[in-house]
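Numbered as in numbering that gives the first Met the number 0, the sequence shown ends at 157 without a single skipped number.
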Amino acid sequence: MNETKDIISHDDEFDYSAVPSWYPLCFNTGCPLSGNCMHYFAVAHAPETLETCRCVLPHTLKNGHCRWFDKIKVMTMAVGFSHLYDNVLKSDFTSMRKTITAYLHGVKFYYQYMRGERPLTPAQQQGIRDIIKSYGYDWDVPFDGYHKAYCFGNPPTD
0 MNETKDIISH DDEFDYSAVP SWYPLCFNTG CPLSGNCMHY FAVAHAPETL
50 ETCRCVLPHT LKNGHCRWFD KIKVMTMAVG FSHLYDNVLK SDFTSMRKTI
100 TAYLHGVKFY YQYMRGERPL TPAQQQGIRD IIKSYGYDWD VPFDGYHKAY
150 CFGNPPTD
């Protein structure tokens, strides 16, 4: 279980298809924050076929501050956990699987995450580690692989 997993290097080419449909784009070329903003970075990589989208309006920039500013961040995503239960006692298996299933919002999502069809965020990875530790196990969770991905923040709440 202590085997080191290689992280697939983050591709220099930005894949616009990774941008969530709800994510607004920013076209404000005069914004002093644009060099570090994911909203502006995404629009710079939008395909020419894009005709309509959600957008951040220029008037949201006030006194050098924009409440929609989303710093460009890259995070390490985990994919799959097909060997998660290899060292789990039979007496813990069912309860642990149910706890992790509930944490991942149901059976459908659980299996998508387990098979690596959906990547796990760092927070989700830690949540699974915490569940494993709550059962008294003290080993690294064996995720099947890792890759880097851009982080698309949530809209502002204020």
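All C-beta atoms in this analysis are idealised placements derived from N, C-alpha and C, irrespective of residue type, glycine included.
Going by beta carbons, His38 and Cys25 fall inside the 8 Å limit. Going by beta carbons, Val78 and Gly126 fall outside the 8 Å limit. In the DSSP annotation of this structure, the continuous segment of the beta strand (DSSP E) that includes Tyr149 starts and ends at Gly144 to Tyr149.
Per the coordinates, the alpha-carbon of Asn35 lies some 39 Å from the alpha-carbon of Asp137. Taking a C-beta distance under 8 Å as the contact criterion, Met95 and Ala148 do not qualify as a contact pair.
Taking the CA atoms as reference points, Tyr134 sits about 42 Å from Glu12.
Apart from the 5 residues on each side of it in sequence, Lys72 sits with its Cβ closer than 6 Å to the Cβ of Cys150 in its chain, given in chain order. Taking the Cβ atoms as the reference, Phe80 lies roughly 7 Å from Pro141, within the contact range of under 8 Å. Separation of Thr100 and Phe108 (C-alpha to C-alpha, rounded to the nearest whole angstrom) is 8 Å. For Thr75, the enclosing beta strand (DSSP E) starts and ends at Val73 to Val78. DSSP places Val55 within a strand segment (E or B) once states are collapsed to three.
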